[in-house]
Each structure stands twice: as structure tokens, then as C-alpha cells.
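Heads up: the sequence shown is residues 1454 to 1688, going by my numbering. Down below is the structure, laid out as C-alpha cells.
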Amino acid sequence: MNSFPAWYFDESQMAGINFEDIAQVEAFDCKQTSSTPQKEQALVKRLGISLGHTVIDLGAGTGTFAIQAALEGAFVHAIDISQSMLAYAQQKARKMGASTIKFHRAGFLTYEHNDNLGDFVITKAALHILPDFWKMVALMRMASMLKPNGILYLRDAIFSFPISEHKTFIDEWIEHSSKPEGEGWTDKDYHMHVREEHSTFAWIIEGMLTRAGFEITQANYLTPTAAEYICIKIA
Ligand SMILES: C[S@@+](CC[C@H](N)C(=O)[O-])C[C@H]1O[C@@H](n2cnc3c(N)ncnc32)[C@H](O)[C@@H]1O
């Protein structure tokens, strides 16, 4: 067991939405339209995940991606800090017949990978939970879990708009993306995201990825407030 110094980040104190709350967990799949089984299956195929691969999914949530990767034949480590999320994901995996998933209650900064090095590390819509210093530590830890030339896929709320126009872009994002209560993420959820969570600029994330030992092979600015990266761990 690793012991961490007194100054280490406390991942149990989650910023923003409380994903230990069962009501949040049960509502999650309806709200998280970026993570449907169809979209995750397409991502699994696009990344080339297949039989025999080891996949590490950090901040796995309700397990939609992990399940699709397992159904494709990969062995998946699904890691989440929330016990409620993990219990829900485990139940979903059982129903879907996805048997090659090992669930771990741990976080970006505490998960200890004690298996084959990963062919893939995946982290979607979760890294923003950490302040930038700790994102950097998390990315270095991800690099250490991967084989040489292994792939990191990162997608998150990441800002590529001009800094001087941040107010306009954030307002537009919330106006266009928020849904009425019960139909998706509400304007209050977005307000809390911007106010309390730690989404940051693309140029900061890209500097971190490079310094953590990755080569960015694809940077896609999906919208001014969302980006995805495919990176190779430099051997
Ligand atoms: C918005 S959900 C994203 C879930 C999934 N990856 C997706 O694409 O829909 C964020 C997840 O990160 C988890 N989480 C929060 N803090 C974490 C941490 N420090 N380490 C790992 N997971 C964390 C939450 O419990 C939640 O399940």
C-alpha cells in the first residue's frame, strides 16, 4: 500500500456534482449524451481496441465505455472514486455480459496499476475534476501505466476560445447546452462546472501532455469548450 504525504490532494472531496449521490448516478446515463453505447462502441473501434488489449479507464463513471471495450475483447480496468458509480457500472456490466472488467475504487492520484501495462488509457469528462498542478501529476501517472507507444485518449471540457472572449463563449456554451430540469445537464450544473471545477485551456492541457511524455497525434477541438486528444506515450 502506498502512503501519501499530508499535502497530497484529497480525491474523496470531489468538486462539483457529487457522484456518490445515488440520484445523480441513476440519472447520469440519460444526461451524459456524449457517452451512449453506440458512441462508445464507435470510439472503441476508432481507437483500434480489440481482443487481448489492456485498457485502463480512469473516471469510468457508469461504465458505458468500459463495457463496450470489454465486449470487443479487451481486458478493462475501470477506475472511479465513487463507490455508487462503481456499483451501478458493475450491475450494468453484468446485465450486458461484459465479464472482462475489473472495477477499482480509486482515483487519478491514488490508483496503483498492478497488472500488465496498458495498451490504452482512456479518460473522458473527468480530468477537469483536478486543479492543474494535480492534472499534471495525474498525466504523469497515466504515462507510467502505459506500454511504450501506448495510447492515451483524453476528452473533456477544455477551452480553445480566445481568452479575451471567455465571457461570451462561456455564456453561449451554457445557453446552447443546458437542458430543462429532468432532461439533461441544467444551466445550474454548467454554472457549477465553471465556478467550482477546473476546466482549463487547450494550450495548458497540451503543454502538460507533452511534458508528461506524450506525443499528441490528434487534437480535435470539438467545440470551443470541448476537446479530445489522441496521444502516444513516447517510448
Ligand atoms: C462526468 S463523469 C464521466 C464518466 C465517464 N468517463 C463518461 O465519459 O461519461 C466523471 C466521473 O469521474 C469520477 N471522479 C471524480 N473524481 C475522480 C478522481 N479524483 N479520480 C477518478 N475518478 C473521479 C466521478 O465519480 C464520475 O464518475
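Built from N, CA and C at the ideal position, the CB exists for glycine as well.
Note to self: If you measure between the beta carbons of Phe-1558 and Leu-1539, is that distance less than 8 Å?
What the structure shows: Before going further, note that residue 1558 is Arg rather than Phe in the sequence given. Yes. Within cutoff.
Notebook entry, point to check: Can you list, in chain order, the stretches of the alpha helix (DSSP H) that have 4 or more residues and sit fully within the region 1485–1536?
Noted result: The alpha helix (DSSP H) runs of length 4 or more contained entirely in the region 1485–1536 are, from start to end of the chain, 1490–1500, 1517–1524.
Item checked: Phe-1556, buried or exposed, once every other Cβ within 10 Å from all chains shown has been counted against 16 -> By the Cβ-count criterion, Phe-1556 is buried, with 16 or more other Cβ atoms from all chains shown falling within 10 Å of its own Cβ.
Next item on the list: Using 7 Å as the cut-off, classify the Cβ of Asp-1463 as near or not near the heavy atoms of ligand 1, replying yes or no.
Entry: Distances between the C-beta of Asp-1463 and the heavy atoms of ligand 1 are all 7 Å or more.
Note to self: Using only CA atoms, which one of Asp-1568, Val-1508, Ser-1487, Ile-1554 lies nearest to Ala-1680?
What the structure shows: Taking each of Asp-1568, Val-1508, Ser-1487, Ile-1554 in turn and checking the Cα distance to Ala-1680, the smallest one comes out for Ser-1487.
Next item on the list: Alpha carbon to alpha carbon, how far is Phe-1457 from Lys-1484? Give it in angstroms, no decimals.
Entry: Answer to the nearest angstrom: the Cα atoms are 35 Å apart.
Next item on the list: Can you give me the start and stop residues for the beta strand (DSSP E) that Glu-1668 sits inside?
Entry: Counting along the chain, the beta strand (DSSP E) containing Glu-1668 begins and ends at 1667–1676.
Note to self: Here's the rule: buried if 16 or more other CB atoms are within 10 angstroms of the residue's CB, otherwise exposed. What is Arg-1664?
What the structure shows: With fewer than 16 Cβ atoms within 10 Å of its Cβ, Arg-1664 is classed as exposed.
Next item on the list: Whole angstroms is fine: what's the gap from Gln-1491's alpha carbon to Ala-1459's?
Entry: Taking the straight line from one Cα to the other gives about 43 Å.
Next item on the list: Could you tell me which of Phe-1667, His-1644, His-1619 sits nearest to Leu-1607, measuring between CA atoms?
Entry: Nearest C-alpha to Leu-1607: Phe-1667.
Check: So what does DSSP say about Thr-1576, is it helix, strand or coil?
Finding: The three-state secondary structure of Thr-1576, taken from DSSP, is strand.
Note to self: With a threshold of 7 Å on Cβ separation, who are the neighbours of Ala-1767 within its own chain once the five nearest residues in sequence on each side are excluded?
What the structure shows: Absent from the model: residue 1767. The displayed extent of the chain is 1454 to 1688, so no value can be given.
Check: Leu-1524: beta carbon under 7 Å from a heavy atom of ligand 1?
Finding: No.
Next item on the list: Report yes or no: do three or more beta-carbon pairs, one from the region 1592–1602 and one from the region 1614–1628, lie closer than 8 Å?
Entry: They do not touch, by the three-pair rule.
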